[in-house]
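Under the working numbering, the first residue of the sequence shown carries the number 13, and numbering increases by one thereafter.
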Amino acid sequence: MSAEETRRLLAEAKKARARAYTPYSQYKVGAALLTKSGRIYGGCNIENASYGATICAERVAVARAVAEGEQEFVALAVVADGPEPGSPCGICRQFLAEFAPRLTLIMANLTGKERYGSLDQYLPYAFNKDYLDGEEAD
């Protein structure tokens, strides 16, 4: 991924973060998902009074992409306001692994601190369809 693509993804994630609905935690998260076709889908976290109904920014971005017919993902940027770069939660990691187990992750906070990695580093030995086929996973 080029530096320009990385900056563009981070900018889109910051824009998405501004739209977050967080009346309970005030912890706003934005995500921007780059697809193989070159499109970017943004997502923000959406909280709910029934906390279990809350949805993370990363899953919103994936849902938007899949709803538009996209299923091949290249990179995901996540931006949150904290002392460390925002990182996808475990549920989001599993959700992302369904489509792109080696997805490039770009994580940042609002002060410009960044962390880079790949999804398989953050979720090694992810549960996948191979387990359902009765075969051992890679």
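For every residue, glycine included, the Cβ atom is placed at its ideal position computed from N, Cα and C. Here the structure is a predicted model, which is why all the values come from computation and not from measurement.
query	result
Taking the alpha helix (DSSP H) that residue 18 falls in, what are its first and last residues?	15–29
Assuming the contact rule is C-beta atoms closer than 8 Å, residue 70 and residue 122 should be a hit. Round their C-beta distance to whole Å, please.	In fact, because the Cβ distance is near 17 Å, the residues do not count as touching under 8 Å.
Identify every run of the alpha helix (DSSP H) within the region 72–139, keeping only runs that are complete inside it and at least 4 residues long; order them along the chain.	102–109, 131–134
So, with DSSP's three-state summary, where would you put residue 64?	helix
I believe residue 97 touches residue 126 by the beta-carbon criterion, under 8 Å. Please report the beta-carbon distance rounded to the nearest angstrom.	6 Å
Tell me, please, whether the region 34–47 touches the region 77–93 by the rule of three or more beta-carbon pairs shorter than 8 Å.	yes
Is the Cβ-Cβ distance between residue 24 and residue 54 less than 8 Å?	yes
What three-state label does DSSP hand residue 69 in the structure shown?	helix
Give the secondary structure of residue 53 by DSSP, where H, G and I count as helix, E and B as strand, and everything else as coil.	strand
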